[in-house]
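Right, dumping it as structure tokens:
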């Protein structure tokens with residue numbers, strides 16, 4: 001099971017992160033399952049069932065970066081889902097991105113044919 005550690009999100013506004021934590025980690029265990037995050041994102045974006053919802057989910061996994069690394073994908077997604085995504089995502093081409101970085105925006109748009 002994959003878990004997020006909230007300390008990685010310390011740059012978010014405290015009020016917003018506390019609101020999210022109270023929803024996805026009500027027992028204050030300091031972690032939340034991927035499934036709980038997806039449920040939260042689904043509820044938060046219930047009226048926006050588009051590629052934008054998927055992009056926002058990947059952006060959270062990528063800690064706000066415009067790309068996601070292979071390590072982040074493997075750490076945050078179940079193995080089958082991680083392999084599916086990495087096999088279908090284009091590499092992110094930017095000199096500031098580390099090797100094995102993927103373009104989650106174009107991947108998300110392609111799933112919704114945008």
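In the UniProt record's numbering, the protein residues as written are 1 to 114.
C-beta: ideal position from N, C-alpha, C; glycine also.
- For residue 42, the enclosing alpha helix (DSSP H) stretches over residues 34-44.
- Going by beta carbons, residue 74 and residue 82 fall inside the 7 Å limit.
- Relative to residue 42, the option among 28, 57, 15 whose CA is nearest is 57.
- Listed in chain order, the non-local C-beta contacts of residue 55 below 7 Å within the same chain comprise 104, 105, 108, local neighbours out to five positions each way being set aside.
- A check of alpha carbon separations from residue 111 across 18, 77, 90 identifies 90 as the nearest.
- Its chain contains 24, 25 as the residues whose beta carbon lies nearer than 8 Å to that of residue 36, once the 5 sequence neighbours on both sides are disregarded; these appear in chain order.
- Under the three-state reduction of DSSP output, residue 92 falls in the coil class, being neither helix nor strand.
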